[in-house]
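Each residue of the sequence shown is one higher than the last, beginning at 1 in our numbering. Where a beta carbon is used, it is the ideal one built from N, C-alpha and C, also for glycine. Here's the structure we're looking at; comments come further down.
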Amino acid sequence: MTGADDIRPPSMLPAFLTLFTSTGTLICCALPALLVSIGAGAVMAGLVEAVPQITWIGKHKTAVFALAGILLVISGAWQWHARSLPCPVDKAQATACARARQVSWIVWGLSVALYATGFFFAFLAASIFY
Numbered sequence: 001m002t003g004a005d006d007i008r009p010p011s012m013l014p015a016f017l018t019l020f021t022s023t024g025t026l027i028c029c030a031l032p033a034l035l036v037s038i039g040a041g042a043v044m045a046g047l048v049e050a051v052p053q054i055t056w057i058g059k060h061k062t063a064v065f066a067l068a069g070i071l072l073v074i075s076g077a078w079q080w081h082a083r084s085l086p087c088p089v090d091k092a093q094a095t096a097c098a099r100a101r102q103v104s105w106i107v108w109g110l111s112v113a114l115y116a117t118g119f120f121f122a123f124l125a126a127s128i129f130y
């Protein structure tokens, strides 16, 4: 038998995990394009020297984007399902639960925007501008 105290607010872990993977897609593709386009190629070279994993992400961008896209879809479905789950009866906990849901949607939306930006630079920009 579960009581009202056993109700937990929705986890923000999926939203932050998608933010992490979406940022990876942005770093692999949009950041190098931005730095080179503003004439900061030396900064990009220094960044690759300091963090050589950026080249690995760039070489495996299809897998990185596939994983990030799958995580975005799973996270969005998880949040969509959690939107109607009950929050605790206690006013302070209910407010925290509602706030956690809002923050989770904001982080997920930011993740989608980062993913879309990275996707554009990784797969579409070259065919549009060249």
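Status (buried if at least 16 other CB within 10 Å, exposed otherwise) for residue i
{"i": "residue 127", "result": "exposed"}
{"i": "residue 79", "result": "buried"}
{"i": "residue 14", "result": "buried"}
{"i": "residue 70", "result": "exposed"}
{"i": "residue 95", "result": "exposed"}
Separation of residue j from residue i, as counted between CA atoms
{"i": "residue 104", "j": "residue 50", "result": "32 angstroms"}
{"i": "residue 106", "j": "residue 33", "result": "26 angstroms"}
{"i": "residue 98", "j": "residue 84", "result": "11 angstroms"}
{"i": "residue 42", "j": "residue 124", "result": "25 angstroms"}
{"i": "residue 52", "j": "residue 39", "result": "21 angstroms"}
{"i": "residue 76", "j": "residue 45", "result": "36 angstroms"}
Cβ distance (whole Å) where residue i is taken to contact residue j below 8 angstroms
{"i": "residue 113", "j": "residue 61", "result": "No, residue 113 and residue 61 are not in contact; Cβ-Cβ is about 18 angstroms, not under 8 angstroms."}
{"i": "residue 64", "j": "residue 57", "result": "6 angstroms"}
{"i": "residue 19", "j": "residue 111", "result": "5 angstroms"}
{"i": "residue 119", "j": "residue 25", "result": "7 angstroms"}
{"i": "residue 68", "j": "residue 115", "result": "6 angstroms"}
Coarse secondary structure for residue i, derived from DSSP in three states
{"i": "residue 135", "result": "Residue 135 cannot be examined here, being either before or after the span of the chain that is shown, 1 to 130."}
{"i": "residue 38", "result": "coil"}
{"i": "residue 51", "result": "coil"}
{"i": "residue 73", "result": "helix"}
{"i": "residue 107", "result": "helix"}
{"i": "residue 89", "result": "coil"}
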